[in-house]
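Numbering (the numbering used here), first residue to last: 3 to 199. Here a beta-carbon is modelled for each residue, glycine too, at the ideal position from N, C-alpha and C.
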């Protein structure tokens, strides 16, 4: 569970951030229509769906492309489906022991992709990467409906991969980085200089 920073509460109190607790009824080109018929102007929608992998708010044609294997939904970098441009996931398709840190790195990865500071590979290259990830996951973990999300033992490698994609040095601990990376624990604060800029 991630506890919001104090700045979040300050933004809510000041009215900069407005909390809406309702289901989504529909999307328009520039707004979201809630179940209570309230309309919110929006450029971006963040879907905080919780633990269960269910995407009832997505169009039927999009959901058909999100084919789950018997061991889960396999995505490029656990973020993108190669056949669905414009749709990215943070969180529901990855399970690590540093979840809030992982989600922050995923958000930074998506931000760099959207701002064109980073280019994702071709569709075929993404599929090739997904097939490789399936091979690794399936060779190391028993069959499970959520095996595609299980990265606990590979959390640091996954973080390093996202950092490299973004052009960031994955060594997190200064001059003694390589030694410390292998022999000391990683904490969310280890990535503070990367995530906070």
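A contact is defined here as three or more CB-CB pairs under 8 angstroms, and the region 141–151 meets this definition with respect to the region 69–77. Within the DSSP bridge table, the entry for residue 41 names 35 as partners. For the pair residue 79 and residue 153, the CB atoms are not nearer than the 8 angstroms cut-off.
For residue 35, same chain residues with a beta-carbon under 7 angstroms away, outside a window of 5 residues either side, are 27, 28, 41 in chain order. The three-state secondary structure of residue 74, taken from DSSP, is strand. The residues 57, in chain order, have a CB closer than 8 angstroms to that of residue 65 in the same chain once the five nearest residues on each side in sequence are set aside. Between residue 75 and residue 122, the CB-CB gap reaches or exceeds 8 angstroms.
No Cβ-Cβ contact shorter than 8 angstroms links residue 186 with residue 98. For residue 129 against residue 87, the beta-carbon gap comes to about 14 angstroms, at or over 8 angstroms, which does not count as contact. Per DSSP, residue 105 is one residue of the alpha helix (DSSP H) stretching across 101–116. Annotation: the continuous beta strand (DSSP E) that includes residue 28 extends over 26–29. Separation of residue 103 and residue 48 (C-alpha to C-alpha, rounded to the nearest whole angstrom) is 18 angstroms. Among the bridge pairs identified by DSSP, residue 152 is matched with 97.
Inter-residue distance for residue 172 and residue 110 is about 14 angstroms (C-alpha atoms, whole angstroms).
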